[in-house]
Each structure stands twice: as structure tokens, then as C-alpha cells.
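Chemist:
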Amino acid sequence: MSSAVHDGQIIVIDDEEIVRESMMQTLQLEGYDAIAFENPLAAIAECSKSWRGVIICDVRMHGMDGLEVLQQVLDIDPEIPVIMFSGHSDIAIAIQAIRMGAYDFLEKTDDPQHHLNTVQRAWKKRQLVLENRALRQVIQGQHEIDNRLVGQTASMLRLRQTVLQLAQVDVDLIINGATGTGKEVVAQCLHDFSPRAKKAFVALNCGALTESLIESELFGHEAGAFTGAQKKRIGKIEYASGGTLFLDEIESMPASLQVRLLRVLQERTLQRLGGNADIDVDIRVIAASKIDLRDAADQGTFREDLYYRLNVARIDIPSLDQRKADIPVLFSYFAEQANQRFARESQAVPAPLLRQLSMQSWPGNVRELRNAAERWVLGLPSAHESSVDTDFNQATKEGNLDELLASYEEGVILAALKANKGHVELTAQALDIPRKKLYLRMKKYGLDRSDFTAD
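Position one of the sequence shown corresponds to residue 1 (full-length UniProt numbering), numbered consecutively onward.
1) Is E107 helix, strand or coil by DSSP?
2) Given 8 Å as the limit, tell me if L447 has its C-beta closer than that to any heavy atom belonging to the ligand ZN.
3) Taking a contact to mean a Cβ-Cβ separation below 9 Å, would you say S241 touches K199 in this structure?
4) Taking one C-beta from the region 203-215 and one from the region 241-259 each time, how about it: are there three or more such pairs within less than 8 Å?
5) Using the beta-carbon count (16 or more within 10 Å), is Q322 buried or exposed?
6) Per the contact definition of three or more C-beta pairs closer than 8 Å, is the region 249-269 in contact with the region 316-330?
7) With a Cβ-Cβ cutoff of 9 Å, do T244 and R272 count as a contact?
8) Which residues does DSSP list as the beta-bridge partners of Q9?
9) Do V73 and A97 have their C-beta atoms closer together than 9 Å?
10) List the residues that DSSP assigns as beta-bridge partners of T244.
11) On a Cα-Cα basis, can you pick out the residue from D295, G8, E30, Q168 that is closest to N132?
12) Report yes if the CB atom of A122 is closer than 9 Å to the CB atom of I93, and no otherwise.
13) Would you tell me roughly how many angstroms separate the C-alpha atoms of K444 and R435, rounded to the nearest one?
14) For Y103, I'd like the list of residues in its chain whose CB is within less than 7 Å of its CB, leaving aside the five on either flank, ordered along the chain.
15) Rounded to the nearest angstrom, what separates E16 and I237 at their Cα positions?
16) For M253, does the three-state DSSP call read helix, strand or coil?
17) Any chance the region 178-192 sits against the region 145-165, with 3 or more Cβ pairs inside 8 Å?
18) DSSP on H114, reduced to helix/strand/coil?
19) Which partner residues of M84 appear in the DSSP bridge assignment?
20) Where do the N-terminal and C-terminal ends of the alpha helix (DSSP H) with R294 fall, by residue?
21) On the DSSP bridge list, what partners appear for S289?
22) Can you tell which of N276, F302, I11 has its C-alpha closest to the C-alpha of P254?
23) With a Cβ-Cβ cutoff of 9 Å, do I35 and L159 count as a contact?
24) For A43, collect the residues of the same chain with a Cβ closer than 6 Å to its Cβ; drop the 5 residues on either side in sequence, then sort them by chain order.
25) Which partner residues does T427 have in the DSSP bridge list?
26) Kindly indicate which residue of P40, Y32, I413, G422 has the alpha-carbon position closest to the one of D432.
27) With a 10 Å radius around its C-beta and 16 neighbouring C-beta atoms as the bar for buried, classify A343 as buried or exposed.
28) Considering only DSSP beta bridges, list what H221 is partnered with.
29) For a quick check, are the C-beta atoms of I174 and L257 less than 9 Å apart?
30) Starting from A45, trace the alpha helix (DSSP H) in both directions and tell me its first and last residue.
31) Sort G446, A428, L447 by Cα distance to L438 and report the nearest one.
32) By Cβ distance below 8 Å, which residues in the same chain neighbour M64 in space, the five residues on each side in sequence not counted?
33) Based on the DSSP output, what are the partners of R355 in its beta bridges?
34) In angstroms, rounded to a whole number, what distance separates the CA positions of L357 and F452?
35) Provide the residue(s) that pair with R314 in DSSP beta bridges, ordered along the chain.
36) Quick one: what does DSSP say I91 is sitting in, helix, strand or coil?
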């Protein structure tokens, strides 16, 4: 048996063992990950809209016939290729199967190479279907995500690209970022732009609950599991099945629960408190932390095996101090949201105030800036704790022309690079400046053309 070289499975459904084994051997020798089923229902359970495979199904079987299997598979996803397989030349059944949506109809007596050629075409079609779906999702998400992860600095452009890419990859991951940077917003985007979007997004802050409460919240419990547990309760993990579980401040999770969570991630099963039955769960886990979990694992305060199990991918969110050029657009965005929320008339944020805000440090990050924008809309004094004078009224009277012009210039260059997808020559032409001058300006503002090019 050779190792699989094709991404995805080929499922063979037949009630004759010799046929299953023969077909599996042929497929595996060609580098396919082939798996055989005698029970059609078990095979159907493997299918989903994101399943990367092809089904070969016998037409005549005991119990459920092939046409019924075909219909149930197409009900899950009408674009899963189902190749009907028969030991008899039955034109009427073949026509019916094709009309129902079968990819092709083969006879078991056909040349094996003909079987393989058909499987190869069906497999390629399935990969193309899934790639096109992912591309449509990315294109649609590109417009929506701009209004959810706001900012035009290079770091935010990279963040949005990373989120859209990882949304299509069904792996567990870690989000790292300081308090207030928007870790839950990023997690919600990963869910909303993923194939799991129609299922539940369940969030739990591990630092907000005691050990006993967090265990019950995560795993649920059976009736009588402990004093006061009068009824069975579904936990967050089980409730999130089919969707996404977001665990914020995971560094606060007690060690005993880290062990139980690791088992869930490895086995994709759980046991409720007070129960013995293993319950299957289909979840994507997104863990967030304000500390570096790699360092915590090295120091022994976080399980190393759990860290590696979660760290299939990682997203680092920049702090507001690392993207100060985004402060004016963020503050204006939050101010407009506050105007709508509090039914206030929209008003432009004065440039001197935006300059003043950009000079400050924001330890509370985006959350603190949003609060400041709401206070400004309501006419309240700033609550920002800083040695810099942050009185809103005073700030609007001050200004620095050089800084304002630099901020404006950076924004113009950003917009031009984005419009021309990072093409330097076209961008220079659009701005009517020499290419060398554009390179110097890009270096000055830390702009990289690769952040704007289409993959």
C-alpha cells in the first residue's frame, strides 16, 4: 500500500467484500486515501460541504440501494461527485442516476484504467469546486472585514489577509494580543467567514470563572452530578458542536481542566460531569491570551502539550501603540458609531484632536479608544490617564501642520497602493511622482508593496 498523495478521500460503498478490497487496492496504489464501507449510512456520515472527496457506490445493495445513497449525499452537498458502480449493464438505472445528479455510471467489468480515469476527473472537479467556494468566500469577506477590523496600516492589512485565509482552514489556533486589542472580534471574524458560519459561535472567558464553575460551563453535567445539579446541562463545548468555541484568557484555565481540554482536542469527544458516555463533538477551538503561551509553557504555568495542540496556527494582533497611524481613522469610526447609537448629529472630528490622540499612549488599546470616542460624542471630558493634556476642547485648538501633512500623505499613498494592488510603477503614475520618490516615501512610512499584492 502506497501513502496517499492526493488531498481528500475516495469512499467505496459496496456490500461485497471482495469488490471493496479490490477497488481499495487499485485506488491506494494510485496514491489515493481510499476507505471502504459496507454500511452506506456510515459512509454518508463522513460527508460534508467541505469534504474533499469522491464516492464510488454500488447500485444494487441489500438494505439501502445506491440511488438512495446518491440522494442522501446530494442532499448534503449537490456538488460531491458520486460515481455509480454496477455489475450489470442497466441503461434505465444509469439514466436515472445521471438525471438525479450522479457524476458518472460505471460497470464493474469495465477496464480498471477507465475506472481510474473517471475517479481522477471527479477528484479534480471536487477540488476545483471547493477552491472556487473558498475564493468566493474570500472576495465577499474582503469587503465586510474592512468594516470590522478597521485600519489602513500595513499590520492591519496583513491581519485582515491572515484572518480571511485562516477562516478557510479548519484548524485550532491561538490569538495573541494585549488587553483591548480585539481578540474576540478577530475570533468572531474567523468564524463568520468560515464554512462553520451558520453554526454557533460560543465564547467563554476562562479568567472570569472559578475552577468548579468553568468545568461545568465547559463540559456540562448530568443530573445529580453535584449538589444542586437537578437537571442535565449541556456545556459550552457540546453546544458549540458544528461551530466555533472561543476560549479567552486561556492562560487562566486550571491545570486539571487543561488536561481535559487536551483530551477533547485529541479525541473530539467529551464526558459530562457525572457521566460516563463519550459524546462526539465537532468544533473548532480558538484560544486567546494576553501573554505568550510559549513562554508560559516553558515556565511550566501552561501545559506544553496543550500549547502545541492549539498552536496549529497563530495570529498576533498589534497593539494600538504599534499602529498609531490608525488612531485617527479608528476614533472617527467609533465616533460615528456613537453618534448613531446615541442619536446625535454626525460631526467631523477636528484634526487637532486627532493629532493629539495620535500622540498619546493607549494601554487599553482599541477598547480604550472606543470609550474615548463615545465620551467625546457625549461631550464628556476625557478619561484618559496620561501626562499628555487630553482635554478634548483644548486639543481641538492645537495643531502641528507637519504631522498633519505627514499623516495625510501616508493615507494617500496607502490608498493608491491598495487601488493598484502594490504595483509600484502604476502607483507612482497615479500619484504623479517619480518611482524613486515613492520608494522613499514607502520606506519612511514602513509600507511594503507585498502587503497589497493579490496572491
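All residues carry an ideal CB built from backbone N, CA and C; glycine is no exception.
Modeler: From the atom records:
1) Locating residue 107 in the sequence shown gives position 107, where the first residue counts as 1. In this structure, E107 counts as strand in the three-state DSSP scheme.
2) As presented, the structure is devoid of all ligands, the ligand ZN included, so that no description of it is given.
3) Along the sequence shown, read from residue 1 onward, the residue named residue 241 stands at position 241. Along the sequence shown, read from residue 1 onward, the residue named residue 199 stands at position 199. Taking 9 Å as the Cβ cut-off, S241 and K199 qualify as a contacting pair.
4) yes
5) Mapped onto the sequence shown, residue 322 falls at position 322. Exposed, since its Cβ has fewer than 16 Cβ neighbours within 10 Å.
6) no
7) Along the sequence shown, one-based indexing puts residue 244 at 244. Along the sequence shown, one-based indexing puts residue 272 at 272. Result no, Cβ atoms of T244 and R272 do not sit closer than 9 Å.
8) In the sequence shown, residue 9 corresponds to position 9, counting from 1. Looking at the DSSP assignment, Q9 forms a beta bridge with D33, G53.
9) Translated into positions along the sequence shown, residue 73 becomes position 73. Translated into positions along the sequence shown, residue 97 becomes position 97. Contact flag unset, no.
10) Position 244 of the sequence shown, counted from the start, is the residue given in the question as residue 244. Its beta-bridge partners are F201, R284.
11) If you number the sequence shown from 1, residue 132 lands on position 132. Residue Q168 is the option with its Cα nearest to N132.
12) Reading the sequence shown from its first residue, position 122 is the one you call residue 122. Reading the sequence shown from its first residue, position 93 is the one you call residue 93. No, these two residues do not count as a Cβ contact at 9 Å.
13) To locate residue 444, count along the sequence shown from 1; it is residue 444. To locate residue 435, count along the sequence shown from 1; it is residue 435. About 14 Å.
14) Locating residue 103 in the sequence shown gives position 103, where the first residue counts as 1. If we look at Y103 and ignore the five residues flanking it on each side, its Cβ neighbours are P81, V82, I83, A122.
15) Working through the sequence shown from its first residue, we reach residue 16 at position 16. Working through the sequence shown from its first residue, we reach residue 237 at position 237. Roughly 39 Å between the two C-alpha positions.
16) One-based indexing of the sequence shown puts residue 253 at position 253. Three-state DSSP puts M253 in coil, outside helix and strand.
17) yes
18) For the purposes of this step, residue 114 is taken as residue 114 along the sequence shown, with counting starting at 1. H114: helix per DSSP, three-state reduction.
19) Position 84 of the sequence shown, counted from the start, is the residue given in the question as residue 84. In the DSSP output, where bridge partners are listed per residue, M84 has C57, F105.
20) Reading the sequence shown from its first residue, position 294 is the one you call residue 294. Per DSSP, R294 belongs to the alpha helix (DSSP H) from 293-298.
21) The residue labelled residue 289 in the question sits at position 289 within the sequence shown. N176, per the DSSP bridge assignment.
22) As a working mapping, residue 254 is identified with position 254 in the sequence shown. Ranking the options by Cα distance to P254, first place goes to F302.
23) Walking along the sequence shown from the start, residue 35 turns up at place 35. Walking along the sequence shown from the start, residue 159 turns up at place 159. In this structure, L159 does not lie closer than 9 Å to I35 by Cβ.
24) Counting from 1 along the sequence shown, the entry for residue 43 is found at position 43. Result list for A43: I11, I13, F37, in chain order.
25) Position 427 of the sequence shown, counting from 1, holds the residue named residue 427. According to DSSP, which records beta bridges pairwise, T427 is partnered with nothing at all.
26) Taking the sequence shown and counting its residues from 1, one reaches residue 432 at position 432. Ranking P40, Y32, I413, G422 by Cα distance to D432 puts I413 first.
27) Taking the first residue of the sequence shown as 1, we reach residue 343 at position 343. The residue is exposed, with fewer than 16 neighbouring Cβ atoms inside 10 Å.
28) Here residue 221 refers to the residue found at position 221 when the sequence shown is read from its first residue. Looking at the DSSP assignment, H221 forms a beta bridge with R233, L273.
29) Counting from 1 along the sequence shown, the entry for residue 174 is found at position 174. Counting from 1 along the sequence shown, the entry for residue 257 is found at position 257. For I174 and L257, no; Cβs fall outside 9 Å.
30) Along the sequence shown, one-based indexing puts residue 45 at 45. Element bounds for A45: n/a, residue is neither H nor E.
31) As a first step, residue 438 must be located in the sequence shown, where it is residue number 438. Taking only the C-alpha atoms, the option nearest L438 is A428.
32) For the purposes of this step, residue 64 is taken as residue 64 along the sequence shown, with counting starting at 1. If we look at M64 and ignore the five residues flanking it on each side, its Cβ neighbours are P40, L41.
33) Along the sequence shown, one-based indexing puts residue 355 at 355. Answer is none; R355 lacks a bridge partner.
34) Reading the sequence shown from its first residue, position 357 is the one you call residue 357. Reading the sequence shown from its first residue, position 452 is the one you call residue 452. So the alpha carbons of these two residues sit roughly 27 Å apart.
35) Numbered from its first residue, the sequence shown carries residue 314 at position 314. Bridge partners of R314: I174.
36) One-based indexing of the sequence shown puts residue 91 at position 91. Note: I91 maps to helix in three-state DSSP.
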